[in-house]
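**Q**
Residue numbers (our numbering), protein chains in the order written: chain A, 1081 to 1252; chain B, 1081 to 1252.
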């Protein structure tokens, strides 16, 4: 698996979008998927990027055989901890099924870590589905700790409707 | 509680740092605290801010009595979901003990929500300690859902040592 890992470029959007859809299928939540290629492109490669992405590009000779240019990707954002300062939040780590078992997930994680160290970050945080044991094993093998066990963090979300209701000004 | 909610400014750093320390005491993790006022100031108010912050400023007449200018703050970052696009991540929501019980946490959340809607965000996510029931009740009352219950997300972190080890290049 002689892939080249590099920062994503604007022209990569359609292929990243395809892999995001594959990941949503794997996570069994394709019905939650609202993102479009157009929005992904605007948010990732506009004047103020909202995320950062690394792609695993196949060697030229493998691209036509595989029918796709990339074997996987990692999507992450700059984040902040009020205990330790700059951090990265890993949103997605994905390797297409036929390219698994060659250490590509580990290589992508290492690349994200290098980006983090270069940016002066002190740690990387992420949320992972409890049944996704291959991902959890990978993260543990690279030194990750489960904060839901100890000290006991839970993940909460304000969905779009709650967000919009909250944003309404109270009557004076 | 006639506080004014406004975006934090560079001169607010010492007071935000004080409230961050108070929050770390409340969360029983003051030993994890490595952030300094200098770093907070650089990261929040430099050329490329790493976080956004809203402060609840006391009325002038209350400042000298209270000995502090702010009753609380919310610290948040731009983040991204590969399902829905732009989001906010809420890192901290804090109201000093003597100013609690006047709906200030709710007002701060509403202000963060307004910032989110203005930025084109689709939701707000956060992590909260399981025993912090006042915060969880507030979030639930404003429409938040617990993703650790369903679909079952857990929070993981690569601490600094793991991050630095990962970032080392494998021998070729």
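All C-beta atoms in this analysis are idealised placements derived from N, C-alpha and C, irrespective of residue type, glycine included.
These numbers were taken from a predicted model, which means no experiment stands behind them.
1. Here's the rule I'm using: 16 or more other beta-carbon atoms within 10 Å means buried, otherwise exposed. How should residue 1088 of chain A be labelled?
2. Confirm, please, whether the CB-CB distance from residue 1185 of chain A to residue 1173 of chain A is below 8 angstroms.
3. Need the endpoints of the alpha helix (DSSP H) that residue 1180 of chain B sits in, please.
4. Look up residue 1216 of chain B in the DSSP assignment and give the residues it is bridged to.
5. In three-state DSSP terms, what is residue 1236 of chain A?
6. From the beta carbon of residue 1119 of chain A, is the nearest beta carbon of chain B less than 8 angstroms away?
7. For residue 1150 of chain B, does the count of other Cβ atoms within 10 angstroms reach 16, so buried, or fall short, so exposed?
8. Between residue 1241 of chain B and residue 1140 of chain B, what straight-line distance do the alpha-carbon atoms span, to the nearest angstrom?
9. Compile a chain-ordered list of the residues in the region 1203 to 1231 of chain B whose CB is closer than 9 angstroms to at least one CB of chain A.
10. Using C-beta distances below 7 angstroms, list every residue in its chain close to residue 1247 of chain B, excluding the 5 sequence neighbours before and after it, in chain order.
11. With 8 angstroms set as the bound, which would you pick, yes or no: does the beta-carbon of residue 1258 of chain A sit closer than that to a beta-carbon of chain B?
12. What residues in the region 1115 to 1149 of chain A have a beta carbon less than 7 angstroms from any beta carbon of chain B?
13. My output table needs one value for residue 1148 of chain A: the three-state DSSP class, helix, strand or coil.
14. Alpha carbon to alpha carbon, how far is residue 1084 of chain B from residue 1103 of chain A? Give it in angstroms, no decimals.
15. If you draw a straight line from the alpha carbon of residue 1202 of chain B to that of residue 1131 of chain A, how long is it in whole angstroms?
16. Output needed for residue 1120 of chain A: all residues of its chain with C-beta closer than 7 angstroms, excluding positions within five of it in sequence on either side, in chain order.
17. Does the Cβ-Cβ distance between residue 1215 of chain B and residue 1204 of chain B come in under 8 angstroms?
18. With DSSP as the reference, please indicate the residues paired to residue 1161 of chain B in a beta bridge.
19. In this structure, what does DSSP give as the bridge partners for residue 1086 of chain B?
20. How would you call residue 1200 of chain A, buried or exposed, if buried means at least 16 neighbouring beta carbons within 10 angstroms?
21. By a C-beta neighbour count over all protein chains shown, 10 Å radius and 16 as the cutoff for buried, is residue 1167 of chain B buried or exposed?
22. Taking only the alpha-carbon atoms, compute the straight-line gap between residue 1206 of chain A and residue 1144 of chain B and give it to the nearest angstrom.
23. Below 7 angstroms CB to CB, which residues in the same chain sit around residue 1117 of chain A once its five sequence neighbours on both sides are set aside?
24. I'd like to confirm the pairing. Which residues does DSSP put opposite residue 1154 of chain A in its beta bridges?
**A** Looking at the atomic coordinates:
1. As a working mapping, residue 1088 of chain A is identified with position 8 in the first chain. Under the 10 Å beta carbon count, residue 1088 of chain A is surrounded by 16 or more other beta carbons and is classified as buried.
2. Numbered from its first residue, the first chain carries residue 1173 of chain A at position 93. Numbered from its first residue, the first chain carries residue 1185 of chain A at position 105. Against a cut-off of 8 angstroms, the Cβ pair of residue 1185 of chain A and residue 1173 of chain A comes out as a contact.
3. As a working note, residue 1180 of chain B is residue 100 in the second chain. Here residue 1180 of chain B belongs to no alpha helix (DSSP H), and DSSP marks it neither H nor E.
4. Residue mapping note: residue 1216 of chain B aligns to position 136 of the second chain, counting from 1. The partner list for residue 1216 of chain B (beta bridge, DSSP) is empty, contrary to what the question assumes.
5. Taking the first residue of the first chain as 1, we reach residue 1236 of chain A at position 156. The three-state secondary structure of residue 1236 of chain A, taken from DSSP, is strand.
6. As a first step, residue 1119 of chain A is located in the first chain; it is residue number 39 there, counting from the start. Taking Cβ atoms only, chain B reaches closer than 8 angstroms to residue 1119 of chain A, which makes this a yes.
7. Here residue 1150 of chain B refers to the residue found at position 70 when the second chain is read from its first residue. If you draw a 10 Å sphere on the C-beta of residue 1150 of chain B, you find 16 or more other C-beta atoms in it, and that means buried.
8. Here residue 1241 of chain B refers to the residue found at position 161 when the second chain is read from its first residue. Here residue 1140 of chain B refers to the residue found at position 60 when the second chain is read from its first residue. Cα to Cα, the separation comes out at about 45 angstroms.
9. The region 1203 to 1231 of chain B vs chain A, Cβ under 9 angstroms: 1203, 1204, 1205, 1206, 1207, 1208, 1209, 1210, 1211, 1216, 1219, 1220, 1222, 1223, 1224, 1225, 1226, 1227, 1228, 1229 and 1231.
10. In the second chain, residue 1247 of chain B corresponds to position 167, counting from 1. So the list is empty, once near-sequence residues are dropped.
11. It is not possible to answer for residue 1258 of chain A, since the shown part of chain A is limited to 1081 through 1252.
12. For the region 1115 to 1149 of chain A, residues whose beta-carbon sits nearer than 7 angstroms to a beta-carbon of chain B comprise 1115, 1119, 1123, 1130 and 1131.
13. The count along the first chain starts at 1 and reaches residue 1148 of chain A at position 68. In the three-state DSSP reduction, residue 1148 of chain A falls in the coil class, being neither helix nor strand.
14. The residue given as residue 1103 of chain A occupies position 23 in the first chain. The residue given as residue 1084 of chain B occupies position 4 in the second chain. Put simply, the backbone Cα of residue 1103 of chain A is about 44 angstroms away from that of residue 1084 of chain B.
15. One-based indexing of the second chain puts residue 1202 of chain B at position 122. One-based indexing of the first chain puts residue 1131 of chain A at position 51. When rounded, the distance between both Cα atoms is 15 angstroms.
16. Locating residue 1120 of chain A in the first chain gives position 40, counting from the first residue. Excluding residues within five positions, the ones whose Cβ falls inside 7 angstroms are 1093, 1096 and 1097.
17. Position 135 of the second chain, counted from the first residue, corresponds to residue 1215 of chain B. Position 124 of the second chain, counted from the first residue, corresponds to residue 1204 of chain B. Taking 8 angstroms as the cut-off, the beta carbon of residue 1215 of chain B is found no closer than this to the beta carbon of residue 1204 of chain B.
18. Numbered from 1 along the second chain, position 81 holds the residue referred to as residue 1161 of chain B. B:1165.
19. Within the second chain, numbered from 1, the residue matching residue 1086 of chain B stands at position 6. Paired residue(s): B:1135.
20. Taking the first residue of the first chain as position 1, residue 1200 of chain A is located at position 120. Under this definition residue 1200 of chain A is an exposed residue.
21. Translated into positions along the second chain, residue 1167 of chain B becomes position 87. Buried, since its Cβ has 16 or more Cβ neighbours within 10 Å.
22. For the purposes of this step, residue 1206 of chain A is taken as residue 126 along the first chain, with counting starting at 1. For the purposes of this step, residue 1144 of chain B is taken as residue 64 along the second chain, with counting starting at 1. Looking at the two C-alpha atoms, the distance is approximately 42 angstroms.
23. Sequence index remark: in the first chain, residue 1117 of chain A carries index 37 (1-based). Answer for residue 1117 of chain A: 1093, 1094 and 1097, listed in chain order.
24. The sequence position of residue 1154 of chain A within the first chain is 74, counting from 1. Residue 1154 of chain A is bridged by DSSP to A:1134 and A:1173.
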